[in-house]
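See structure below.
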Amino acid sequence: MTDVTITVNGEERTASVPPETTLLKMLREDLNLTGAKVGCDVGDCGACTVLVDGIAVNACLMLAGQAEGKKIETIEGLSTLEEYHPIQKAFEEVAALQCGFCGPGMIMSTKALIDQGEELTKQEIKDALSGNLCRCTGYTKIIEGVIDAYEEITGKKVPEVNPRAA
Amino acid sequence: MKPFDFVQPTTTDAALAALAEHSPNVRILCGGTDYVVELKHVAQSPGVVVDVSRLEDLKGIELTDAGLRIGAGVTHSQIMADKMIAEHAPAMIDAAHTVGAVQTRNLGTLGGNLVTCVPSMDSGPTLLALDAQVTILGPKGTRQIDLAEFFVGVRKTALEPDELLLEVIIPSENLGKPAGFIKFGLRKGQALALVNAASAFRIEDGTFKDVRIALGAVAPVVMRAVKAEAVLEGQAFSQELISEAATVAVSEAKPIDDFRASKEYRNSLIEVGTRRTLEAALQLANG
Amino acid sequence: MRHRGKGVGCMWYPIGFTVLANPSAATVKVNEDGTATLLTGTVETGQGSLTVLGQIAAEELGIATDDVHVVSADTDTTPMDTGAIASRTTYVTGNAIKLAAENAKQILFEVAAPMLDVRPDQLEAVDRKIQVQYFPQRCLPIADVALQAQFVMGRPPIGSASYNPPTVAMDSETGQGKPFSTYVYATQCAEVEVDDETGQVDVIYMSAAHDCGTAINPMLVEGQIEGGISMGIGYALQEEMLFDDDGKQINPNLTNYIMPTSLDMPEIDVDIVENFDPTGPFGAKGVGEPTAVPTAAAICNAIHDAVGVRITSLPATAEKVLKAIKEKNGGEQKALPAAE
Amino acid sequence: MADDVKVKEKEVTLESLRKADDDLRLPAVPERTLFPKEIGVAAAREQTPAVGQRATRPDGRLHGLGQTKYIDDMFFPGMLHAKIKRAGISHARIKSIDVSEAEKMPGVMATVIGKEIPVNSFGPSYQDQPLLADDIVRHAGDGVAAVAAVTEQQALDALEKIKVEYEELTPVYDPLEAMKDDAVKIHNNESNVYSSKTIKKGDVEKGFEDSDHIFEATFTTQMVEHVPMEPHASIAEWDANGRVTIHTSLGRITLGRADISRTLELPINRIRIIATVVGGNFGGKNEITTEPILALLSKKTGRPVKSVYTREDEFISSTTRHPFVMEYKTGMSKEGKIMARKVRLVCDGGAYCSWSETTLGKACILSAGPYNIDNLHVDAYAVYTNKTMTGAMRGFGAPQVCFAYESHMDDMAKALGIEPVELRLRNTFHEGSASPTGQVLEAVVVRDSLEMATERFGWQEWQK
């Protein structure tokens, strides 16, 4: 067993896990943070997306030991007792999620994207979400939610483009 | 996953020591986007897994006398965001962008992509087209070889079990060399390559010079289409010649027939990919 | 060269099981403060059906969506339901809920009638009030009536009901009969761009006009249509379970089973065709399945329009499209040297 | 030699690691999720009338906060993990199954094989599917045994120790081959055709005679998966009163409960199914899968038992969409009126019937398209093959036939020189049209939908 200490959502946590434990398994089974989901367990679906030192990763592809000492953000850490996180709020308002299983991963990818502070186009948003598979929504309302949240958080606008223009 | 031991050295010396100590029951882990997947499916424990993701020597992108040095542990996302790469080898950014999705690019490393050495790797063709070299660190010190020699076979490289890939170097004379990269996959996002192609050349006095055409996913390892290069080398540039080179490239490749695509279809893509990357490079050459 | 093309796909689709009974039952309990609890045995599988069913109960009781709490999917506590299948939830379960709410409302009316000095059949439930038809000023808050019903009259306003769509068995020789109570209709149009050298098809834009009777919740209807289109795009262009000679699946993973990502989705415009089905709850029918039905047809017709090839076997992969283009061009296509 | 010694030492370490893993690791204190205690409600939820409002979803809020508990997010004290051994062979007779070695593996608490299931068959139309194959394996994804162990890895390791002896049988994968008289029979039936449907309306031969043009075409479609993002998952817990509570990702709990009751020979009132929230269905979660197996494992061990399909399980052993072979023959007048249509549908029904009966029926009725056709003849067949079973999936046969009849329509439009949308408008159902089954249709808006979608598209003015 290895002792792994990580900072999760601002709080230092330690768990004793076998070396072959993934960060995902440690979060879900040892820290009881079940927001990140097991959708494929091989890095295809993105349902387990969490932020490690601010970047989006598939927690199923990172060994817990590799996360030692790092800052982990999960879906459970977004909202506070004071604030409903604007991404979560926007997703609720446009009904971005249907079955919801992809939701936590989708939202964490969105957070990583918006946190970068870059100006975003719709194409860049699609690109940033292409590692998060969703079967219910056709991504349409999810992208709508991301745009709303981005505009709310940054005060900037995502430019309108007509894909049909040759 | 089958149980294994995990070591996480913080210096290259410690990493080499760990490799030496546990060889041959030892494997190197860096980004894990490929190897952790493999670990989940293997029937036998690898024994010891050495995580090299914390080695400072594997990090960083910098200009040296030799050229542009990219640490083996640099992630695809870091490549995409790097200003020096954007300036000196922009085709690498196009290639990095086609690797998996954001999450894969954030974890996956350039070195890992090369070491895994699957035919469909996305980093290989551009680097081959730019005559990249790799530095290998072992118990006896470092050695430098051409990337072309590094690729030995499917999932087989020139790395010895006790060695470590340290860095990739794009020689200084090739910085800014016009190059194009294209990837054909089965969908727009998160696709494995059916065919990858990269081309690079200079135009001097209206003729093609130092032509490089590299193809991925069309042979056991990423390969150069040397006959196709020869079609162009030293010739005055013309569209017909580019098309001819693309046709010749097809004859050099040995793509497989599998469930993703037939050999015939891959051949069509090799032709189109070679032509389009040559055209892209030409556009850059013409400014 | 890239070629644009347009294509249309039109369809019809039934609601509920083919002839077979597929009943739903429901219980609606109006609480003493005028809010309500709905018990249904159907399962929320992502569509938002619980929200829609809550809206149906709320509508019948004249209260708001938020006033209804929905309890579902527990065989110990919720009534029989055939389940989330056959695009039947809004229509069949919805009808059962509407009837159950009507029964609960009837108790409220009977309690309110003497309070308002009218007959129960002269009342209606609107805006959280029980009021006299055509005399909106003669009203009582539904909360007051519910409280009265429960604690003074001793008649808790609880209603239960079931619904099964009426069908007529099909003749075994000719199939003549009435297999379904109702049908929905839809059209989708696709604009694609086809690369004639690689066969790659980009779906650029889709418009979709779907009939679902009354849209109980237009936002959720749109979500169904957009999601159905994405499934249709995968069906049209990429997805296929492949087997080896021993009957084992070659691609049982999301790396090699190619379902659409966000980058593969076009812009979509959704329209809901105005319609009212008198047999459905407040005119509603259903929308779940039909959304995935005409997409592949529209896309394949657009490919045909763009490059003149007819794909007769799905999926229309880039390889298949390129092969068809080459066959069509026959000798025109430059022959490639045969690789060893 | 020195290396060998080292490896040996290693194995001891690994073994001890595994032992340490034997202890159930359950979180002592649940982690908290923060959120403001007073999140406002969207106006649309507060408004009357309720119908027509773009009301937000209360469950959607929980999804976004990561608070929704799907089955895999539930951990009960003492809970075991179950895994199913798949046959990996598409057609075979099982000679023997030996689980004795598996039962000795660390952490393994119980195993189950098909013969232990009281009634080892289920299915919505025909009960032709075993929960675990006990005699004949009919597709490679068929389960043959189940293991419950303390950890998932222990269960997986134990699967490797299960020995199954097979006698290989000739497989048949192509539905057209499987229809032939001399084809190997997958079930103990006279024919592999297990369901057929017919619709006859008017006089189709006369209709062809009256036509100016006859068009024929054949279309085929592939097998696809639902790919719900949440794989099938269940937890079963047998209690002291002989009741079993099952948390499951099932879309139709009432009928699922009846299936479980039948397979376990247990009174319905001793079964409780809680489906809470299902992470995507699309028709794929309309049948029981492992529930009775988990119930038995729970009964044997006195512990809750959980099973979550891997993505691979999801592909190879859950239902899929039917591949179809569709032959169309349509007679047209030169003005573009459909005079007659003959359709033959063959649906690859996979190893078990599942929802194929229903799919075939719907496909048969819908195959004419939303068009007035006075003379129609449709024959449809569902055929067993040694492939993953095909079942309910969003559209029940409709996406297949729609692809065919709409592709066919465009080809005819081109041949007749009639604009494709115009050709459709000349034939669409209208209020009071008689369907292929003679049903008088009401609330028909197919024309409206055509006009609306094409107008939004900009069909008329669109240029390449």
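These protein sequence lines are chains U, V, S and H, in that order. Its first residue numbered 35, the first sequence is counted upward by one per residue in the working numbering. Its first residue numbered 240, the second sequence is counted upward by one per residue in the working numbering. Its first residue numbered 15, the third sequence is counted upward by one per residue in the working numbering. Its first residue numbered 2, the fourth sequence is counted upward by one per residue in the working numbering. Glycine included, each C-beta is placed from N, C-alpha and C at the ideal position. Values in this document were obtained by computation on a predicted structure and should not be read as measured data.
List the residues of chain V that Q122(U) touches, going by C-beta distances under 7 Å, in chain order.
The contacting residues do not exist; Q122(U) stays about 20 Å from chain V at best.
Below 8 Å between beta carbons is the criterion; list the residues of the segment 33 to 46 of chain H that meet it against any residue of chain U, in chain order.
Residues of the segment 33 to 46 of chain H with a C-beta less than 8 Å from any C-beta of chain U: R33, T34, L35, F36, P37, K38, I40 and A43, listed in chain order.
Contacting positions in the segment 438 to 455 of chain H - beta carbon closer than 9 Å to chain S
Of all residues in the segment 438 to 455 of chain H, only T438, G439, Q440, V441, L442, E443, A444, V445, V446, V447, R448, D449, S450, L451, E452, M453, A454 and T455 come within less than 9 Å of chain S when Cβ atoms are compared, listed by chain position.
DSSP state of P364(V) mapped onto helix, strand, coil
If DSSP states are grouped into helix, strand and coil, P364(V) belongs with the helices.
Between T269(S) and chain V, is there a C-beta pair that is closer than 8 Å?
Yes, T269(S) counts as interfacial toward chain V.
Could you say if the segment 253 to 260 of chain H and the segment 88 to 95 of chain S meet the contact criterion of at least three C-beta pairs nearer than 8 Å?
For the pair of segments examined, the segment 253 to 260 of chain H was found to touch the segment 88 to 95 of chain S: the number of CB pairs separated by less than 8 Å reaches three.
Using a Cβ distance threshold of 8 Å, determine whether the segment 432 to 445 of chain H contacts the segment 189 to 202 of chain S, with at least three qualifying pairs required.
Judged by Cβ distances under 8 Å, the segment 432 to 445 of chain H makes contact with the segment 189 to 202 of chain S, as three or more pairs qualify.
Alpha helix (DSSP H) runs contained entirely in the segment 211 to 288 of chain H, provided each spans 4 or more residues
Listed in chain order, they are 254 to 265.
Could you check the C-alpha separation between T486(V) and M255(S) for me, to the nearest Å?
A straight line joining the alpha-carbon of T486(V) with that of M255(S) spans about 33 Å.
Residue span of the alpha helix (DSSP H) that contains V335(S), given as start and end
Note, V335(S): alpha helix (DSSP H), A332 to N343.
Can you tell me which of the three DSSP states V173(H) falls into?
Residue state, collapsed to three classes: coil.
Kindly provide the ranges of any alpha helix (DSSP H) runs that are 4 or more residues long and lie completely inside the segment 84 to 153 of chain U, ordered along the chain.
Counting only runs of 4 or more, we get 120 to 127 and 137 to 149.
If we count the other Cβ atoms within 10 Å of its Cβ and call it buried at 16 or more, is Q381(V) buried or exposed?
The sequence given here has Thr at residue 381(V), not Gln. T381(V) sits exposed, since fewer than 16 C-beta atoms from the chains shown fall within 10 Å of its C-beta.
Would DSSP call R510(V) helix, strand or coil?
In the sequence under discussion, the amino acid at residue 510(V) is Glu, which differs from the Arg named in the question. Correct three-state label for E510(V): helix.
Of the listed residues A234(H), T291(H) and I317(H), nearest to N267(S) (C-alpha basis):
With distances taken between Cα atoms, N267(S) lies closest to I317(H).
Starting from the beta carbon of D37(U), find every residue of chain H whose beta carbon is closer than 8 Å, and list them in chain order.
For D37(U), none of the residues of chain H pass the 8 Å Cβ criterion, the least Cβ distance being about 13 Å.
Taking Cβ to Cβ, would you say A179(H) is nearer than 8 Å to Y353(H)?
The criterion of a C-beta distance shorter than 8 Å is not satisfied by A179(H) and Y353(H).
Just mark A199(U) as buried or exposed, buried being the case when its beta carbon has 16 or more other beta carbons within 10 Å.
Residue burial is scored here from C-beta neighbours: A199(U) has fewer than 16 other C-beta atoms within 10 angstroms and is therefore classed as exposed.
With 8 Å as the threshold, decide whether the Cβ of I272(S) is near any Cβ in chain V.
Against chain V, the CB of I272(S) has a partner CB under 8 Å away; the residue lies at that interface.
Please report the straight-line C-alpha distance between N109(S) and D141(S), rounded to a whole angstrom.
Taking the straight line joining both Cα atoms gives about 21 Å.
For the ligand NAD, any of its heavy atoms closer than 7 Å to the Cβ of D285(S)?
Of ligands this structure carries none, so the ligand NAD is not represented either.
Tell me whether L467(H) sits in a helix, a strand or coil according to DSSP, three-state version.
In the structure as shown, chain H starts at 2 and stops at 465, and residue 467(H) therefore has no counterpart that could be examined.
In the DSSP assignment, what residue or residues form a beta bridge with C348(H)?
For C348(H), DSSP records a beta bridge to F325(H) and A383(H).
Measuring only the C-alpha atoms, how far is A456(V) from D273(V)?
So the two alpha carbons sit approximately 17 Å from each other.
Please return the same chain residues whose Cβ sits closer than 8 Å to the Cβ of G111(U), not counting the five positions on each side in sequence.
Excluding five sequence positions before and after G111(U), the CB atoms of its chain that fall closer than 8 Å to its own CB belong to V42, N43 and G44, given in chain order.
Is there a Cβ of chain U sitting closer than 8 Å to that of Y71(H), yes or no?
True, the Cβ-Cβ gap to chain U drops below 8 Å.
Beta-carbon contacts of A439(V) that lie in its chain and below 7 Å, excluding the five residues immediately before and after:
Within its own chain, the residues whose Cβ lies closer than 7 Å to the Cβ of A439(V), once the five positions on either side in sequence are excluded, are A368, L369, K416, P417, A418, R451 and A520, listed in chain order.
Please state the DSSP three-state secondary structure of S368(H).
Correct three-state label for S368(H): coil.
Proximity winner among V301(S), A126(S) and Y219(S), relative to N196(U) (alpha-carbon distances)
Relative to N196(U), the option among V301(S), A126(S) and Y219(S) whose CA is nearest is Y219(S).
Decide yes or no for the touch test of the segment 117 to 135 of chain U against the segment 162 to 180 of chain U: beta carbon pairs closer than 8 Å, at least 3 of them.
As far as the Cβ criterion goes, the segment 117 to 135 of chain U touches the segment 162 to 180 of chain U, which means the pair count is three or higher.
Does the segment 430 to 438 of chain V touch the segment 15 to 35 of chain S, meaning 3 or more C-beta pairs lie closer than 8 Å?
Inter-segment contact for the segment 15 to 35 of chain S and the segment 430 to 438 of chain V is absent: fewer than three beta-carbon pairs are separated by less than 8 Å.
Give me the residue from G124(H), L170(H), A184(H) and S262(H) with the minimum Cα distance to V138(H).
Across the set G124(H), L170(H), A184(H) and S262(H), the C-alpha of L170(H) shows the shortest separation from the C-alpha of V138(H).
For a contact defined as C-beta to C-beta under 8 Å, what are the partners of S164(U) on chain V?
Under a criterion of Cβ atoms nearer than 8 Å, the residues of chain V adjacent to S164(U) are, in order, A340, V341, K427, G428 and Q429.
Can we say the segment 33 to 47 of chain S touches the segment 158 to 174 of chain S, given the rule of at least three CB pairs closer than 8 Å?
Yes, the segment 33 to 47 of chain S touches the segment 158 to 174 of chain S.
Where does the unbroken alpha helix (DSSP H) through N36(S) begin, and where does it stop?
The continuous stretches of alpha helix (DSSP H) do not include N36(S), and DSSP gives it neither H nor E.
Starting from C168(U), follow its DSSP beta bridges and name the residues at the other end.
Bridge partners of C168(U): none, in fact.
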